[in-house]
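Chains R and G, in that order, are what the protein sequence lines are.
My numbering runs 1057 ahead of the 1-based position in the first sequence.
My numbering runs 7 ahead of the 1-based position in the second sequence.
From the three backbone atoms N, C-alpha and C, an ideal C-beta is built for every residue, glycine too.
Below: one structure, written as structure tokens.
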Amino acid sequence: MKARAVQLAQQVATALAIALGWMALFNFNALIFSPLAHSSQAHWIFLPAALRIIMVLVFRDIGVIGLMFGAFLTLPHPSPSELPHEIILAISSGFAPMIAVYLCRRLFHIAYDLSGLRPLHIIGLSLAGAVMNSLLLNGYLAISGRLNGDVEQILTVFVGDTLGTAIVLLILSTILSFVMPRRKRTRRLGGHR
Amino acid sequence: MMTSFVTAESGMKWIMGDKTPIYVRLFNMLSAIRDLSPFNVLTADEELLLGDLVVRWHEAPSITISDLMQDGRYSSQSTAYRRLIALRDKGLITLRVDDQDKRVKFVEPTSFAQDYMERIGQSLTMLMRADKPA
């Protein structure tokens, strides 16, 4: 019973940390790239998109919950009547990378422990995440009548997510190439599918 | 029997997780991200092999893969070949198939490797000049 409570507390703390990470990157993005905002839901460069794939791959369901919570916290909350709309937007933010990761895992045969994960897989996952997010977000906006014929927004979300992910991955990979010891691909931890 | 693209069991396993610790997934994830870097630095073993190749290219411009593999300095033929492939992936060497015998492959420097060799040469010249008494 106590062990279960500790595990639950760890999971809640992880989800909160992911949500806070999302908020921090979202606000940083707004600060740096605010001139590139197409609308409140679409930016031509959206750095937090990189977190989606990474968090879902590493933390799975907890990552999805953390992303949804983080996305909800960064929504504008104009009035209580908008709450259902904002909840759906937040859910789509966590759900899109989950679908992308699931499909890519099946397509690229990515192991559960991520052993054998290659740079090409990361690029594929990032693109799939951007496509899924663009489709889910704009699909919902179109169904709910909030897209207002703004077709450019579909492209904006895709380009913003792709560029944002590329920038974050470039920075992260450059840092890692200098600080992380290189191991042979065949000797990575784990190895079972 | 055909296996379906999406099964309920595999889906739940992926979403809810198997018993793999998070740190294993994180490590494998970070390793893959690191390999995306444009600053893909050489490992010590690869640098050693490149140094050996530089000397060999100086002595004879045509080196075959089998020449390298027969060298006892490398722990095994597969190790030597793996390091050669790593150097090729990093754009430092090319493997050219012989026109006469398709089984023979030559190891040749790329312009990037030639630039690397020139820099080593310049550094050595500078060191020798600095060591000379005035």
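Q. Tell me the DSSP bridge mates of R:L1253?
A. This structure gives no information on residue 1253 of chain R, because the portion of chain R shown stretches from 1058 to 1250.
Q: Please report how far the alpha carbon of R:M1112 lies from the alpha carbon of G:G58, in whole angstroms.
A: 41 Å
(Q) Report the CB separation of R:F1215 from R:V1188 in whole angstroms; it is logged as a contact under 8 Å. (A) Contact between R:F1215 and R:V1188 holds: CB atoms are separated by about 6 Å, below the 8 Å threshold.
Q: Give a yes or no on contact between the region 1158 to 1174 of chain R and the region 1127 to 1146 of chain R, applying the rule of three or more CB pairs nearer than 8 Å.
A: no
Q | Bridge partner(s) assigned by DSSP for R:R1162 | A | Beta-bridge partners of R:R1162 (DSSP): none assigned.
Q: Assess, as a yes-or-no matter, whether the region 80 to 95 of chain G is touched by the region 29 to 45 of chain G under the definition of 3 or more beta carbon pairs within less than 8 Å.
A: No, they do not touch.
Q | Whether R:L1114 touches R:A1128 by CB criterion (8 Å) | A | no
Q.
So, at 6 Å on beta carbons, what are the nonlocal neighbours of G:M124 in its own chain, with the 5 sequence-adjacent residues on each side left out?
A. In the same chain as G:M124, and ignoring 5 residues on each side of it, the C-beta atoms closer than 6 Å to its own belong to V61, in chain order.
(Q) Below 8 Å on the Cβ atoms is my contact criterion, and I expect G:K109 with G:L49 to pass it. Report the Cβ-Cβ distance as a whole number of Å. (A) About 30 Å separates the beta carbon of G:K109 from that of G:L49, a gap too long to meet the 8 Å contact definition.
Q | For R:H1100, the three-state DSSP class (helix, strand or coil) | A | strand
Q) Looking at the C-beta of G:I92, does it have a partner C-beta in chain R at a distance below 8 Å? A) no
Q: Pull up the distance between the alpha-carbon of R:L1194 and that of R:Y1159, whole angstroms please.
A: When rounded, the distance between both Cα atoms is 18 Å.
Q. Are any of the Cβ atoms in chain R nearer than 8 Å to that of G:T117?
A. no
Q: Consider the Cβ of R:D1170: report whether some Cβ of chain G lies at a distance smaller than 8 Å.
A: Yes, because at least one Cβ of chain G sits closer than 8 Å to the Cβ of R:D1170.
Q) Expressed to the nearest angstrom, what Euclidean distance is found between the alpha-carbon atoms of G:D74 and G:A51? A) Between G:D74 and G:A51, the C-alpha separation is close to 21 Å.
Q. Is R:R1203 helix, strand or coil when you go by DSSP?
A. Reduced to three states, the DSSP call for R:R1203 is coil.
Q) Does DSSP put R:T1219 in a helix, in a strand, or in coil? A) In the three-state reduction of the DSSP assignment, R:T1219 falls in the helix class.
Q.
Please list the terminal residues of the continuous beta strand (DSSP E) segment that includes G:T86.
A. Segment 84 to 96 is the alpha helix (DSSP H) holding G:T86; no beta strand (DSSP E) there.
Q. With which residues is G:L102 paired in a DSSP beta bridge?
A. DSSP, once it has assigned bridges, lists G:V114 as partnering G:L102.
Q. Which one or two residues does DSSP pair with G:T5 in a beta bridge?
A. There is no way to answer for residue 5 of chain G, as the model of chain G reaches only from 8 to 141.
Q) Among G:V114, G:D138, G:A137, which one has its Cα closest to the Cα of G:A67? A) G:V114
(Q) Out of R:S1097, R:Y1169, R:V1069, which one is the CA nearest neighbour of R:L1121? (A) First, the amino acid is wrong: residue 1121 of chain R is Val here, not Leu. Cα-wise, what sits closest to R:V1121 is R:V1069.
(Q) Restricting to runs no shorter than 3 residues, where is the beta strand (DSSP E) found entirely within the region 1060 to 1097 of chain R? (A) none
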